[in-house]
Amino acid sequence: MSYSVASLTDSIASSTQTLELDSLQAHHTQALVNIVSSCLYSTPIDATALKRSLVELRRHLESPRSFMYSHPAIETSAVKVIEHIMLCWVCARAAQADAQNYRMESMVKTIDGRFDKYADLPKHIIYEAIQCASYLATMSAGTAAVAKTSLPTSLSLTLGFSDDPVVLTYAFRTLTKLCTKHSVKRAKADGRWESEMGVYAVLDAFTSAQTALGLRNRFDALANAAFTFAADSAAHLTSTPEQARTPILSQHECSSVASDSSSRRSSCQSLSFHHAGSIPSVRPEERALVSALSLVNALISAHDKAEARLRMRRELLDTSLYQCIKLLEEPEFEPTMSSYEARRFRRAYASDIEACDPQISATSITA
16 MSYSVASLTD SIASSTQTLE LDSLQAHHTQ ALVNIVSSCL YSTPIDATAL KRSLVELRRH
76 LESPRSFMYS HPAIETSAVK VIEHIMLCWV CARAAQADAQ NYRMESMVKT IDGRFDKYAD
136 LPKHIIYEAI QCASYLATMS AGTAAVAKTS LPTSLSLTLG FSDDPVVLTY AFRTLTKLCT
196 KHSVKRAKAD GRWESEMGVY AVLDAFTSAQ TALGLRNRFD ALANAAFTFA ADSAAHLTST
256 PEQARTPILS QHECSSVASD SSSRRSSCQS LSFHHAGSIP SVRPEERALV SALSLVNALI
316 SAHDKAEARL RMRRELLDTS LYQCIKLLEE PEFEPTMSSY EARRFRRAYA SDIEACDPQI
376 SATSITA
């Protein structure tokens with residue numbers, strides 16, 4: 016067998032270029048991770064410097080080049096620093112909650128003071144940290160890397176220690192990405208597809224949060240947040256004239272909170288143009304509500320068998336999510352994305368019941 020010198024030269028040059036790009040990308044990511052890490056050593060933490068470094072890391076992770084030249088070791092390194100920030104922040108918030116519950120004047124101090132300096136981190140730093148985790152969860156090895164850390168548990172505990180709609184929106188979206196099955200199956204890890212690892216990690220995280228927060232149902236924090244935002248949205252829609260109401264999510268928002276279903280994206284786009292003219296900004300509470308319902312639907316859709324999906328729905332409906340779904344049936348919610356998510360929940364519920372018992376009519380099923 017003979018080889019062409021020209022073809023071999025071209026092949027080597029192409030491979031060398033790819034390796035150089037991989038190496039440069041890996042070094043760039045690691046350098047940004049190191050900058051974020053170095054900001055955590057000082058006491059107190061320089062919030063401005065930490066925010067700037069997290070913004071740079073987030074912009075790097077969301078760029079298409081990061082997805083093209085992702086590296087498992089570097090992704091794991093990035094996940095670790097975000098995991099550290101979120102874990103320490105949640106522990107600090109838990110200490111603050113203890114102080115309030117026991118009517119102490121200040122935060123409960125830890126013995127070594129490890130978490131104390133994270134108590135006063137501004138919310139925008141938490142926004143950026145969770146967004147970094149969200150982008151990492153969509154990379155080639157990121158789902159497994161995020162699933163193996165304490166990040167899912169920290170995000171589920173965030174529902175109990177924060178009522179900020181923006182923080183909760185990003186937390187919901189990150190957990191949703193972990194539950195969403197990718198269109199291309201990844202290599203198996205620990206005997207499970209990476210998408211399955213994400214689902215199990217999220218379910219285990221809610222179970223851990225149930226124990227830590229003393230909840231009756233592991234999904235109580237998720238359901239209570241959804242119901243709170245639904246009630247707030249209902250009050251806003253009732254008090255606002257119809258012509259001045261904020262329309263449903265734009266195309267960008269739809270793609271941010273939607274799963275990988277192309278039909279759902281097309282529905283979002285068709286609904287987005289329901290209102291002509293300029294589109295005002297969507298209220299943070301509405302984004303949080305839609306993101307919470309998207310997470311609920313993703314948790315259910317991640318199960319292959321109808322029986323498993325029904326068990327998951329019944330567990331979820333044993334919370335205030337039932338009242339939330341019923342509230343979203345009100346006419347004022349009709350043109351909203353949250354109403355669409357609620358209808359999607361009910362339609363899939365009816366379909367699964369029919370699949371398990373064909374004699375039951377779908378028209379007789381209500382959420």
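Numbers in the numbering used here are just positions in the sequence shown, counted from 1, shifted up by 15.
Where is the CB? At the ideal position from N, CA and C, for every residue including glycine.
{"Item": "Hey, out of Thr195, Gln225, Thr226, Ser223, whose CA is closest to glutamate 211's CA?", "Value": "Thr195"}
{"Item": "So what's serine 354 in DSSP terms, helix, strand or just coil?", "Value": "helix"}
{"Item": "Take aspartate 179 as the anchor and find which of Tyr215, Asp135, Ala240 has the nearest alpha-carbon.", "Value": "Ala240"}
{"Item": "Cα separation between histidine 42 and lysine 192?", "Value": "26 Å"}
{"Item": "Measuring straight from C-alpha to C-alpha, what distance separates serine 171 and alanine 148?", "Value": "13 Å"}
{"Item": "Helix or strand or just coil, what does DSSP make of tyrosine 56?", "Value": "coil"}
{"Item": "Leaving out five residues on either side along the sequence, give the residues of the same chain with a beta carbon under 6 Å from the beta carbon of alanine 162.", "Value": "Met212, Gly213, Ala216"}
{"Item": "With glutamate 143 as the anchor, note down where its alpha helix (DSSP H) starts and where it stops.", "Value": "138 to 151"}
{"Item": "Going by DSSP, what residue range makes up the alpha helix (DSSP H) through leucine 172?", "Value": "166 to 176"}
{"Item": "For the pair the segment 150 to 160 and the segment 101 to 111, tell me if three or more CB-CB distances fall below 8 Å.", "Value": "no"}
{"Item": "For arginine 362, which of Phe187, Phe242, Ser316 has the nearest alpha-carbon?", "Value": "Ser316"}
{"Item": "Taking the Cβ atom as the reference point for each residue, do glutamate 77 and glycine 157 lie within a distance shorter than 8 Å?", "Value": "no"}
{"Item": "According to DSSP, is methionine 154 part of a helix, a strand, or is it coil?", "Value": "coil"}
{"Item": "Give me the residue from Glu322, Ser354, Ser248, Ser52 with the minimum Cα distance to serine 366.", "Value": "Glu322"}
{"Item": "Quick check: what's the CA-CA separation for lysine 320 versus arginine 233?", "Value": "21 Å"}
{"Item": "Straight-line CA distance for threonine 44 to phenylalanine 221?", "Value": "31 Å"}
{"Item": "One question on the structure: do alanine 224 and cysteine 339 come within less than 8 Å of each other, judged by their Cβ atoms?", "Value": "no"}
{"Item": "Taking only the alpha-carbon atoms, compute the straight-line gap between threonine 58 and arginine 302 and give it to the nearest angstrom.", "Value": "35 Å"}
{"Item": "Nearest-angstrom Cα distance between serine 243 and histidine 251?", "Value": "The residue you asked about is not serine; residue 243 is threonine in the sequence shown. Near 12 Å, if we compare the C-alpha coordinates of histidine 251 and threonine 243."}
{"Item": "I'd like the list of long-range same chain contacts for glutamate 300, defined as Cβ closer than 7 Å, with 5 residues on each side in sequence excluded.", "Value": "Pro180, Phe244, Asp247, Ser248"}
{"Item": "Under the three-state reduction of DSSP, which class applies to phenylalanine 360: helix, strand or coil?", "Value": "helix"}
{"Item": "If you draw a straight line from the C-alpha of leucine 364 to the C-alpha of aspartate 131, how long is it?", "Value": "First, the residue type needs correcting, since residue 364 is tyrosine and not leucine in the sequence shown. When rounded, the distance between both Cα atoms is 45 Å."}
{"Item": "Kindly list the residues whose CB is nearer than 8 Å to the CB of methionine 327, restricted to its own chain and excluding five residues on each side of it in sequence; keep chain order.", "Value": "Leu314, Ile315, His318"}
{"Item": "Give every residue of the same chain whose Cβ lies closer than 7 Å to the Cβ of alanine 92, excluding the five residues on either side of it in the sequence, and list them in chain order.", "Value": "The question names alanine, but residue 92 is serine in the sequence shown. Result list for serine 92: Gln45, Val48, in chain order."}
{"Item": "By how many angstroms is the C-alpha of leucine 102 removed from the C-alpha of threonine 189?", "Value": "15 Å"}
{"Item": "To the nearest angstrom, report how far apart arginine 329 and serine 177 are at their CA atoms.", "Value": "26 Å"}
{"Item": "Please check the pair serine 354 and phenylalanine 348, which I expect to be a contact at CB under 8 Å, by giving their CB distance rounded to whole angstroms.", "Value": "4 Å"}
{"Item": "Report buried or exposed for cysteine 54, applying the criterion of at least 16 other Cβ atoms within 10 angstroms of its Cβ.", "Value": "buried"}
{"Item": "Secondary structure at threonine 195, three-state DSSP: helix, strand or coil?", "Value": "coil"}
{"Item": "Leaving aside the five residues before and after serine 306 along the sequence, list all residues of the same chain whose C-beta is less than 6 Å from its C-beta, in chain order.", "Value": "Thr184, Phe187, Arg188, Val272"}
{"Item": "Compute the beta-carbon to beta-carbon distance between alanine 238 and leucine 228, rounded to the nearest angstrom, for a pair I have assumed lies under 8 Å.", "Value": "About 13 Å separates the two Cβ atoms, so there is no contact after all."}
{"Item": "Buried or exposed: glutamine 115, going by 16 or more other Cβ atoms within 10 Å of its Cβ?", "Value": "exposed"}
{"Item": "Could you spell out the range, first to last residue, of the alpha helix (DSSP H) harbouring tyrosine 11?", "Value": "Residue numbering for the chain in the displayed model covers 16 to 382; residue 11 lies beyond these limits and cannot be assessed."}
{"Item": "Taking a contact to mean a Cβ-Cβ separation below 8 Å, would you say leucine 325 touches glutamate 356 in this structure?", "Value": "no"}
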